[in-house]
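In what follows, a structure is listed as structure tokens, so that the remarks can point back to it.
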Amino acid sequence: MIFVGDFAQLPPVGGENALWHQVNTVVILRKNMRNQGQSVDDVKFRRALENMRYKACTPEDIQFLKTLVLSNKPGCHYIGSAPWQDAPIIVGENRQKDEINRLGCLRYAADTSQKLTDFYSTDSIMMTLEEHREKSTIKCKSRSKVNTMSAELQRLLWELPPSSHENHATPVLTLCTGLPVIIRYNVATELNITKGQRATVYSWHASKGQYGNLILDTLFVQLKKPPTPVNLDGLPTNVIPLLPRKNAGYVLLPDDSKLYVTRLQIDVLPGFAMTAMDKVMIMLNSLHDHHAFYTALSQCRSVVNTTILQGFDPRIITGGASGSLRKEFCQLELLDDITRLRYKGELGPSVQGNTHSLLIESFCEWKGKHYRYVYLNVISQGFNAHRRGELTLETVRDNF
């Protein structure tokens with residue numbers, strides 16, 4: 004098995020996961036492949052991100068990040084001017100994403116002098132809970148007693164935001180030509196029609212549904228910067244058709260009960276709030292820990308195309324990471340060094356172990372307590388104040 008991940012974005016695996024503790028071959032990829040700018044600000048940005056991994060941003064990092072906050076002062080990025088008025092926003096809450104997308108659609112239509120058109124989903128109630136049990140662990144008592152889809156219930160479902168659906172299948176798509184959207188399902192990977200792919204609305208075919216509302220039969224979108232050009236017969240380059248797809252899941256109703264439905268709708272959402280892209284605004288105030296800060300900011304390809312909305316609380320990214328996270332980072336660094344030495348044929352035969360701790364213990368005994376590994380010094384920035392200083396195997400063992 005090969006595992007790929009970053010504990011700076013997600014917390015460490017809990018102690019109950021025995022499989023993880025048997026992973027003894029680790030290769031740490033250290034180069035930032037998304038942000039490779041060589042400007043002074045890009046270097047400062049990457050340094051701030053590296054310190055943010057350990058919840059150890061310096062005063063210099065905080066001062067630099069504050070220069071990215073949007074402002075209408077001369078020389079600063081301003082949300083009311085191009086290109087920031089069209090830049091998507093990274094947020095931490097789905098309800099915030101829904102509202103930003105709603106307002107973004109209204110603003111885009113006004114700016115382009117177009118009229119928005121609403122396209123409605125077709126919902127049906129799932130017959131049994133067992134049909135959904137493989138995908139959900141929701142307790143039966145929270146399930147709605149409703150078992151038929153009436154016109155009144157369908158209209159209620161249409162009024163709910165996309166995030167009310169378990170899989171964020173939107174009840175109403177509000178579109179106009181040129182509107183940015185994001186594809187939410189791997190329709191055809193060989194044609195670059197993949198989840199997360201950005202596109203713009205090109206045209207559509209629609210008909211009237213059971214209740215007289217417009218429903219989409221086909222949505223044509225133009226892919227934005229796909230890895231390779233897509234050419235389909237009879238369509239311009241990068242224009243592809245999307246068909247409605249059934250999406251089964253529960254919908255959270257206003258009374259907090261859950262109604263299990265199958266929703267038929269095109270799997271796209273407006274693209275005004277999403278993840279990585281060329282120009283981006285980040286609402287750090289909607290994020291709650293340094294993991295989320297790091298994850299959002301690490302999506303940015305260059306500092307010149309990155310801005311922060313509303314400022315942020317510096318305490319979230321300073322003061323040092325938790326002991327469990329520091330321990331995990333230290334273990335990964337040591338396992339990375341063990342893997343490097345094993346690959347070069349320089350690892351002693353006594354270094355053996357079936358788990359993280361046993362392998363590292365034998366490595367410590369082989370190398371000696373004063374062995375220093377350069378990357379451990381970076382993690383020392385995440386230590387509490389009284390533990391700051393150069394890390395050695397001795398201090399790692401003493402502290403963890």
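Here this note's numbering runs 3 ahead of the position in the sequence shown, where the first position is 1. From the three backbone atoms N, C-alpha and C, an ideal C-beta is built for every residue, glycine too.
Around the beta carbon of Gln313, a 10 Å sphere encloses fewer than 16 other beta carbons of the protein chains shown; the residue is thus reported as exposed. By the neighbour-count criterion, in which a residue is buried when 16 or more other Cβ atoms sit within 10 angstroms of its Cβ, Met284 is buried. The beta carbon of Ile311 lies closer than 6 Å to those of Leu71, Val72, Ile285 and Leu287 in the same chain, with the five residues before and after it left out. Inter-residue distance for Leu194 and Leu246 is about 15 Å (C-alpha atoms, whole angstroms).
Under the DSSP definition of a beta bridge, Asp121 partners with Thr177. Sixteen is the threshold: when 16 or more other Cβ atoms of the shown chains lie within 10 Å of the Cβ of Tyr111, as they do, the residue is buried.
Fully contained in the region 259-331 are the following alpha helix (DSSP H) runs of length 4 or more, in chain order: 293-300. Across the set Asn104, Asn27, Met4 and Gln39, the C-alpha of Gln39 shows the shortest separation from the C-alpha of Cys303. Assignment of Asn170 by DSSP, reduced to helix, strand and coil, places it in the coil class. As summarised for the region 215-266, there are no continuous alpha helix (DSSP H) elements at least 4 residues long confined to that stretch.
Scanning its chain for C-beta atoms nearer than 8 Å, with the 5 sequence neighbours on each side dropped, one finds around Val306 the residues Asn38, Gly40, Ser42, Asp44, Asp45, Lys47, Phe48 and Leu71, in chain order.
One alpha carbon belongs to Leu272, the other to Val184, and they sit about 5 Å apart. Every unbroken stretch of the alpha helix (DSSP H) spanning 4 or more residues and falling wholly within the region 40-111 is given here in chain order: 43-56 and 62-69. Taking the Cα of His359 as reference, the smallest distance to any Cα among Thr221, Val29 and Gly323 is reached at Val29. Counting other Cβ atoms within 10 Å of its Cβ, Gln200 reaches 16 or more and is therefore classed as buried.
Rounded to the nearest angstrom, the Cβ distance from Met4 to Phe296 is 30 Å, too far for a contact under 8 Å. Between the region 170-184 and the region 233-252, the count of Cβ pairs shorter than 8 Å is three or higher; the stretches touch.
Ile186 sits in a strand when the DSSP states are folded into three classes.
For Val204, the number of other beta carbons within 10 angstroms of its own is at least 16, and it is reported as buried. In this structure Ala299 is not in contact with Tyr57, their Cβ atoms being roughly 17 Å apart against a cut-off of 8 Å. In the DSSP assignment, Trp369 falls within the unbroken alpha helix (DSSP H) covering His359 to Lys370. Taking the Cα positions, Arg345 is about 43 Å away from Pro232. Take the alpha-carbon of Thr321 and the one of Pro91: they are about 27 Å apart. Residue pairing by DSSP puts Asp126 in a beta bridge opposite Arg266. Cα atoms of Leu361 and Gln355: separation of roughly 7 Å, rounded to the nearest angstrom. Bridge pairing for Val204: Val224 [DSSP]. A Cβ-Cβ separation of about 6 Å places Leu328 in contact with Phe10 under the 8 Å criterion. Selection Gly348, Glu349, Leu335 and Pro352 evaluated against Gln25 yields Leu335 as nearest (Cα-Cα). Counting along the chain, Gln157 sits inside the alpha helix (DSSP H) bounded by residues Ala154 to Glu162. In summary, Glu162 is exposed, with fewer than 16 beta-carbon neighbours lying within 10 Å of its beta-carbon over all protein chains present.
The three-state reading of DSSP puts Ile5 in coil, since its state is none of H, G, I, E or B. Pairing Asp126 with Gln157 gives a Cβ-Cβ distance under 7 Å. Under the DSSP definition of a beta bridge, Lys211 partners with Leu217. Counting only residues of its own chain and dropping the five nearest sequence neighbours on each side, Gly181 has a CB closer than 7 Å to the CB of Thr115, Thr203 and Val204. The Cβ-Cβ distance between Leu119 and Thr192 does not fall below 7 Å.
Around the beta carbon of Asp236, a 10 Å sphere encloses fewer than 16 other beta carbons of the protein chains shown; the residue is thus reported as exposed.
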